[in-house]
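Note that the sequence shown covers residues 307 to 736 in my numbering. C-beta atoms are modelled at their ideal positions from N, C-alpha and C, and glycine is treated no differently. For reference, the structure is listed below as structure tokens.
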Amino acid sequence: MSQAISMTPQEVSDYIADAGRQAWLVPDVPETTPRREIKSVGIIGAGTMGGGIAMNFATVGIPVTILETRPEALERGLGVVRKNYQRSADKGRFPQDEVAARMGRLTGTLSMEDLAECDLVIEAVFEDMDLKKKIFTDLDRIMKPGAILATNTSALDIDEIAAVTSRPEDVIGLHFFSPANVMKLLEIVRADKTADDVIMTSMDLAKEINKIAVLVGVCPGFVGNRILFARQAQAQKLVYQGAMPWDVDAALNTFGFRMGPYQMSDMAGLDIGWKKGAKTTNPIRDALCELDRRGQKTSAGYYDYDENRRPSPSEVTAGIIRDITGVEPGGAPSQDEIIDMCIHPMINEALKILEEGKAQRASDVDIVWLNGYGWPADKGGPMLYGDMVGADKVLATMEKLGAEDDRFAPAETLRKLAREGGRFTEVQPG
Ligand SMILES: NC(=O)c1ccc[n+]([C@@H]2O[C@H](COP(=O)([O-])OP(=O)(O)OC[C@H]3O[C@@H](n4cnc5c(N)ncnc54)[C@H](O)[C@@H]3O)[C@@H](O)[C@H]2O)c1
Numbered sequence: 307m308s309q310a311i312s313m314t315p316q317e318v319s320d321y322i323a324d325a326g327r328q329a330w331l332v333p334d335v336p337e338t339t340p341r342r343e344i345k346s347v348g349i350i351g352a353g354t355m356g357g358g359i360a361m362n363f364a365t366v367g368i369p370v371t372i373l374e375t376r377p378e379a380l381e382r383g384l385g386v387v388r389k390n391y392q393r394s395a396d397k398g399r400f401p402q403d404e405v406a407a408r409m410g411r412l413t414g415t416l417s418m419e420d421l422a423e424c425d426l427v428i429e430a431v432f433e434d435m436d437l438k439k440k441i442f443t444d445l446d447r448i449m450k451p452g453a454i455l456a457t458n459t460s461a462l463d464i465d466e467i468a469a470v471t472s473r474p475e476d477v478i479g480l481h482f483f484s485p486a487n488v489m490k491l492l493e494i495v496r497a498d499k500t501a502d503d504v505i506m507t508s509m510d511l512a513k514e515i516n517k518i519a520v521l522v523g524v525c526p527g528f529v530g531n532r533i534l535f536a537r538q539a540q541a542q543k544l545v546y547q548g549a550m551p552w553d554v555d556a557a558l559n560t561f562g563f564r565m566g567p568y569q570m571s572d573m574a575g576l577d578i579g580w581k582k583g584a585k586t587t588n589p590i591r592d593a594l595c596e597l598d599r600r601g602q603k604t605s606a607g608y609y610d611y612d613e614n615r616r617p618s619p620s621e622v623t624a625g626i627i628r629d630i631t632g633v634e635p636g637g638a639p640s641q642d643e644i645i646d647m648c649i650h651p652m653i654n655e656a657l658k659i660l661e662e663g664k665a666q667r668a669s670d671v672d673i674v675w676l677n678g679y680g681w682p683a684d685k686g687g688p689m690l691y692g693d694m695v696g697a698d699k700v701l702a703t704m705e706k707l708g709a710e711d712d713r714f715a716p717a718e719t720l721r722k723l724a725r726e727g728g729r730f731t732e733v734q735p736g
């Protein structure tokens with residue numbers, strides 16, 4: 307029998323503070339491991355992520371060379387960085403002359419050879435395995451010995467990327483979050499062969515650029531996105547049970563997320579990974595995109611938007627959902643049920659991540675979700691929330707969801723916690 311644990315707000319914030327301190331520790335690598343010196347950084351791709359990543363280094367005085375394929379892309383990327391710095395200076399965050407000083411640390415190039423002497427290079431091109439493999443093959447040829455070769459991939463197999471080089475020990479994932487100059491979280495992804503000094507140098511560097519680092523292992527989506535995928539899959543299923551996107555979002559907003567899954571999709575753009583005529587695993591999204599309802603940028607997505615970008619539930623979306631799902635209005639899960647059906651699979655997925663040894667400790671999962679995905683602080687993160695709810699309740703939800711879909715089968719550890727007691731936050735990685 308597992309008991310739900312009630313915690314005072316002070317106990318929750320003490321837990322979070324302690325989890326934050328723990329996240330910096332890497333027990334299986336000696337703290338005395340010599341670090342590599344990082345005095346210059348190369349970034350490949352000046353898109354959404356590349357530009358933001360570059361700002362982190364330029365801000366703390368580390369010179370950055372940014373590589374693009376076309377002059378227009380380079381100009382556009384550097385223009386966005388300048389605008390961001392200018393906006394911050396105008397708000398009084400730093401003196402006006404800092405804009406030029408920081409921009410002065412950024413050099414654009416169209417030739418990869420110009421990265422050769424950088425101590426660290428971070429690849430931030432499109433999420434495409436073949437392209438990333440080609441880039442790492444070139445980096446292997448070009449980069450000076452001892453340079454750290456990092457990828458910002460969101461979910462791809464970093465072991466596979468490292469394997470195209472003759473120096474997989476120098477390869478690591480540095481997974482920034484968007485906007486990369488603002489978001490605090492940095493998932494440092496240790497691949498099979500990543501050297502100890504590459505890990506420790508990356509952890510130190512994270513501190514230097516004012517990030518909160520969490521060391522994770524290679525699996526699809528790593529820790530943060532893997533748990534997000536579980537929530538998204540469940541959010542998609544809920545509309546087949548009569549819930550509308552705004553019902554799902556409202557439930558998660560009530561739980562404490564500033565944005566629910568459909569609000570997030572509309573903001574990010576529904577057409578990520580979609581092409582005209584595509585039939586993906588999400589036919590509702592496909593149908594919306596075909597109507598040019600691609601999210602906030604087209605003033606229509608799951609929601610309708612007015613001229614001030616205020617969302618309202620959409621009759622068009624509701625009609626598409628009814629057509630595709632065949633579900634009549636009424637009989638939808640309650641708000642509490644929606645919360646459990648979205649949140650409990652996240653807890654379950656986190657346990658599977660721990661079983662596979664892809665996180666160093668349970669509380670690291672909480673640090674990832676608190677700092678990268680807006681998990682409400684009063685609910686402590688998926689693992690502490692598991693303690694608050696109790697394993698019995700989470701297991702009951704997962705048995706139901708797992709019976710409909712294998713992906714949601716209860717984790718072994720969840721069964722064990724329910725059977726034998728114990729806390730989610732104290733689960734040890736496998
Ligand atoms: N956007 C996000 O929220 C986010 C968050 C975390 C991680 N990521 C990951 O970061 C990576 C980049 O994503 P993004 O959103 O910045 O994409 P993006 O499309 O905004 O930018 C990619 C840039 O790479 C450039 N590029 C392509 N091939 C190149 C090459 N051979 N050499 C140099 N530049 C090249 C493109 O011109 C483009 O400007 C992806 O792997 C993505 O999964 C994205």
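- Restricting attention to 499, 609, 634 and 633, the CA atom closest to the CA of residue 622 is found in 609.
- Residue 496 sits in a strand when the DSSP states are folded into three classes.
- With the rule of 3 Cβ pairs closer than 8 Å, the region 474 to 485 counts as touching the region 456 to 465.
- Counting of Cβ neighbours within 10 angstroms places residue 537 among the buried residues, the total reaching 16 or more.
- Contact between residue 594 and residue 626 is confirmed by a C-beta separation of about 7 Å, below the 8 Å threshold.
- For residue 689 against residue 668, the beta-carbon gap comes to about 5 Å, under 8 Å, which counts as contact.
- If you look at residue 415, you'll find it in the beta strand (DSSP E) that goes 412 to 415.
- When the Cα atoms are used, residue 370 and residue 409 turn out to be separated by approximately 10 Å.
- For the options 440, 519 and 628, the alpha carbon positioned closest to that of residue 326 is the one of 519.
- If the five residues before and after residue 615 are omitted, its C-beta is found closer than 7 Å to the C-beta atoms of 602, all from its own chain and listed in chain order.
- The beta carbon of residue 598 sits closer than 6 Å to those of 604, all from its chain and outside the five residues before and after it, given in chain order.
- Taking C-beta separations shorter than 6 Å and ignoring five residues to either side along the sequence, residue 642 has no partners in its chain.
- In the structure shown, the three-state DSSP call for residue 456 is strand.
- For residue 355, the shortest separation between its Cβ and any heavy atom of ligand 1 lies below 6 Å.
- Boundaries of the alpha helix (DSSP H) harbouring residue 630: 621 to 631, taken from the DSSP string.
- Around the Cβ of residue 634, a 10 Å sphere holds fewer than 16 other Cβ atoms; the residue is exposed.
- For residue 571, the secondary structure class from DSSP, reduced to helix, strand or coil, is helix.
- Beyond the five residues adjoining it in sequence on each side, residue 355 comes within less than 8 Å, by CB distance, of 430, 458, 482, 484 and 486 in the same chain, given in chain order.
- About 5 Å separates the CB atoms of residue 663 and residue 736; that is less than 8 Å, so the two are in contact.
- Of 432, 712, 358 and 656, the smallest CA-CA separation from residue 532 is found for 656.
- In its chain, beyond the 5 residues on either side, 667 and 669 have a beta carbon closer than 7 Å to the beta carbon of residue 328.
- In terms of Cα proximity to residue 345, the closest of 535, 363, 504 and 696 is 363.
- With fewer than 16 other Cβ atoms inside 10 Å of its own Cβ, residue 437 counts as exposed.
- In the three-state reduction of the DSSP assignment, residue 470 falls in the coil class, being assigned neither a helical nor a strand state.
- A distance criterion of 6 Å places the beta-carbon of residue 400 beyond contact range of ligand 1, judged by its closest non-hydrogen atom.
- DSSP places residue 375 in no beta strand (DSSP E); its state is neither H nor E.
- DSSP, read as helix, strand or coil, puts residue 529 in coil.
- Put simply, the region 431 to 450 does not touch the region 499 to 510. Fewer than three CB pairs are less than 8 Å apart.
- Judged by pairs of C-beta atoms under 8 Å, the region 393 to 408 does not touch the region 539 to 554, as fewer than three such pairs exist.
- Per DSSP, the beta-bridge partners of residue 482 are 492.
- Within the DSSP bridge table, the entry for residue 519 names 492 as partners.
- Residue 350 holds the alpha-carbon nearest to the alpha-carbon of residue 376 among 350, 405 and 488.
- One thing to note: residue 701 has its Cβ no nearer than 7 Å to the Cβ of residue 715.
- Assignment of alpha helix (DSSP H) within the region 381 to 465, counting only whole runs of 4 or more residues, yields 403 to 409 and 435 to 448 in chain order.
- Look at residue 340 here: in three-state DSSP terms it is coil, with no helix or strand label.
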